[in-house]
Amino acid sequence: MLPDLRFAPPRLGKAPGFTFIALLTLTVALSTSGAPAPLGVFPFKRDGQLMLVEVSINKSTPALFFVDSGASHTVFDPKFAKELGLKIESAPPTTGTGTGDVPKSHSEPVVMTLNGLKVDLPEPWVIDLSKASLPAAVRGLVGAEIFKTYVVRMDPVQSTFTLFDAASYRHEGDAPAIPLHVEGDKLFLEAALEVPAGQTVTHKLRIDTGSESSVNDEIVQRSAEVRSSNLGGGLGENFKSYSGVFSSVKIGPYIVRHVWGPGGPRPAIGMELLRRFIITFDAPHGRMYLEPTPALAEPVPTPP
């Protein structure tokens with residue numbers, strides 16, 4: 002949840018503008034090709050490995066949010082919630098990628114609009130994002146609600162999200178399906194982690210599109226190549242730990258070799274690996290579909 006800057010490529014110098022050219026064409030093409038008709042398509046811009054989208058809350062002017070499946074609920078920064086005039090109630094704290102509790106509040110229900118697609122949010126969270134290493138223009142996080150409610154296609158090649166009605170969705174094509182586990186507001190997949198070479202374990206990893214890491218798992222301390230690192234970079238306090246090399250990471254039939262990753266608590270998979278696929282998340286039916294892109298062959302960068 003939220004950026005892990007140790008593995009981040011250069012960030013954009015300022016918040017990008019968005020264009021919606023060709024999205025209507027893409028939507029029409031999907032609906033006439035025999036594929037299920039989408040409810041909506043909305044674009045994203047990359048900031049490092051993360052995905053920025055424009056949202057409107059209760060017909061507000063557009064605001065920039067990161068798409069963060071590691072956030073259990075959509076999150077508003079307190080200043081943004083105040084600008085919207087939302088009613089806020091105190092709530093128990095949560096946790097983030099760092100250590101310690103993270104204070105939070107709850108907002109009244111709102112409607113979030115993404116390029117014309119309206120999404121009801123019954124209980125957004127309000128969390129101070131000022132210490133989370135985010136661009137100043139970012140006002141919040143699109144959380145796990147959309148992934149739990151809809152079938153969501155994340156396409157890093159076209160830089161789009163496409164949402165489908167879960168009840169009528171039928172997947173087309175030959176992309177392999179793997180189990181997608183939903184536990185409360187958290188999404189997980191299983192991956193085979195080889196570390197050290199020749200020794201493989203299968204672990205359940207939380208799917209976190211708000212992290213720039215590859216795989217985060219304490220088992221990487223068994224690696225033959227380990228170095229100390231500062232972990233965190235998101236909500237919560239940063240802490241001293243380590244990073245190391247997974248000899249390989251296998252997700253379904255796909256293998257990525259020599260994967261540098263952090264060794265923090267709470268195993269997770271982030272955008273350094275997820276960006277290598279066009280992924281269709283079908284959480285209501287407990288599965289996800291992986292279509293490899295040319296990025297699958299790219300080396301995982303070594304942390305500085």
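Taking the working numbering, I'd label the letters of the sequence shown as residues 2 to 305. Beta carbons: idealized from backbone N, C-alpha and C, even for Gly.
Segment limits, beta strand (DSSP E) that includes Lys119: Here residue 119 refers to the residue found at position 118 of the sequence shown. Counting along the chain, the beta strand (DSSP E) containing Lys119 begins and ends at Leu118 to Leu122.
Residues near Val143 in its chain [Cβ-Cβ closer than 6 Å; skip 5 each side]: Stepping through the sequence shown from its first residue, residue 143 is reached at position 142. So the qualifying residues of the chain are Phe66, Val68 and Thr75.
Cα separation between Ile128 and Lys83? What you label residue 128 is simply residue 127 of the sequence shown in a count that begins at 1. What you label residue 83 is simply residue 82 of the sequence shown in a count that begins at 1. Between Ile128 and Lys83, the C-alpha separation is close to 12 Å.
For Val45, does the three-state DSSP call read helix, strand or coil? Translated into the one-based positions of the sequence shown, residue 45 becomes position 44. Looking at the sequence itself, residue 45 is Phe, so the reference to Val does not match. Phe45: coil per DSSP, three-state reduction.
What's the gap between the Cα of Gly1 and the Cα of Glu191? As shown, the chain starts at 2 and ends at 305. That puts residue 1 outside it, with no answer to give.
Starting from Ile279, trace the beta strand (DSSP E) in both directions and tell me its first and last residue. Sequence index remark: in the sequence shown, residue 279 carries index 278 (1-based). Its beta strand (DSSP E) spans residues Phe278 to Asp283.
With distances taken between CB atoms, is the gap from Thr210 to Trp261 smaller than 8 Å? For this step, residue 210 is matched to residue 209 along the sequence shown. For this step, residue 261 is matched to residue 260 along the sequence shown. Not closer than 8 Å, so no.
For the beta strand (DSSP E) containing Ile58, name the first residue and the last one. Reading the sequence shown from its first residue, position 57 is the one you call residue 58. Following the DSSP letters along the chain, one finds Ile58 inside the beta strand (DSSP E) bounded by residues Leu51 to Ile58.
Look at Ile147 and Leu164 and say whether their C-beta atoms are less than 8 Å apart. In the sequence shown, the residue the question calls residue 147 occupies position 146. In the sequence shown, the residue the question calls residue 164 occupies position 163. Yes.
So what does DSSP say about Ile89, is it helix, strand or coil? Taking the first residue of the sequence shown as position 1, residue 89 is located at position 88. Looking at Ile89 - three-state DSSP - the assignment turns out to be strand.
Helix, strand or coil for His107? Go by DSSP, reduced to three states. In the sequence shown, residue 107 corresponds to position 106, counting from 1. Strand.
Under a three-way DSSP split, which group does Leu65 fall into? As a first step, residue 65 must be located in the sequence shown, where it is residue number 64. Strand.
In its own chain, which residues sit with a C-beta less than 8 Å from the C-beta of His204, not counting the 5 before and 5 after it? Residue 204 sits at position 203 when you count from the first residue of the sequence shown. Result list for His204: Glu191, Ala192, Leu194, Asp218, Ile220 and Pro268, in chain order.
Residue from Lys149, Glu273, Val54 and Ser248 with nearest C-alpha to Gly185: Within the sequence shown, residue 185 is the residue found at index 184, counting from 1. Looking at the Cα atoms, Lys149 is the closest of the given residues.
By DSSP, does His259 sit in helix, in strand, or in coil? By one-based count along the sequence shown, residue 259 stands at place 258. In the structure shown, His259 sits in a strand (DSSP, three-state: E or B).
Between the alpha carbons of Val196 and Leu297, how many angstroms are there, rounded? On the sequence shown, position 195 is the one that residue 196 refers to. On the sequence shown, position 296 is the one that residue 297 refers to. Straight-line Cα distance between these residues: approximately 20 Å.
I need the DSSP call for Asp74, collapsed to helix, strand or coil. Position 73 of the sequence shown holds residue 74. Correcting the residue identity first, residue 74 is His in this sequence and not Asp. In the structure shown, the three-state DSSP call for His74 is coil.
With H, G and I counted as helix, E and B as strand and the rest as coil, what does DSSP make of Ala298? Residue mapping note: residue 298 aligns to position 297 of the sequence shown, counting from 1. Reduced to three states, the DSSP call for Ala298 is helix.
In this structure, does DSSP put Val250 in helix, strand or coil? Translated into positions along the sequence shown, residue 250 becomes position 249. Shown here, Val250 sits in a strand according to DSSP, grouped into three states.
Where does the unbroken alpha helix (DSSP H) through Ile208 begin, and where does it stop? For the purposes of this step, residue 208 is taken as the residue at position 207 of the sequence shown. Looking at the DSSP string, Ile208 is not in any alpha helix (DSSP H); the run it does join, the beta strand (DSSP E), is Thr201 to Ile208.
Would you mind stating whether Pro187 and Ser108 have Cβ atoms separated by less than 8 Å? To locate residue 187, count along the sequence shown from 1; it is residue 186. To locate residue 108, count along the sequence shown from 1; it is residue 107. Looking at the sequence itself, residue 187 is Lys, so the reference to Pro does not match. It is not a contact, given that the beta carbons lie outside the stated cut-off.
List the residues that DSSP assigns as beta-bridge partners of Met272. Along the sequence shown, read from residue 1 onward, the residue named residue 272 stands at position 271. Paired residue(s): none; Met272 is not in a bridge.
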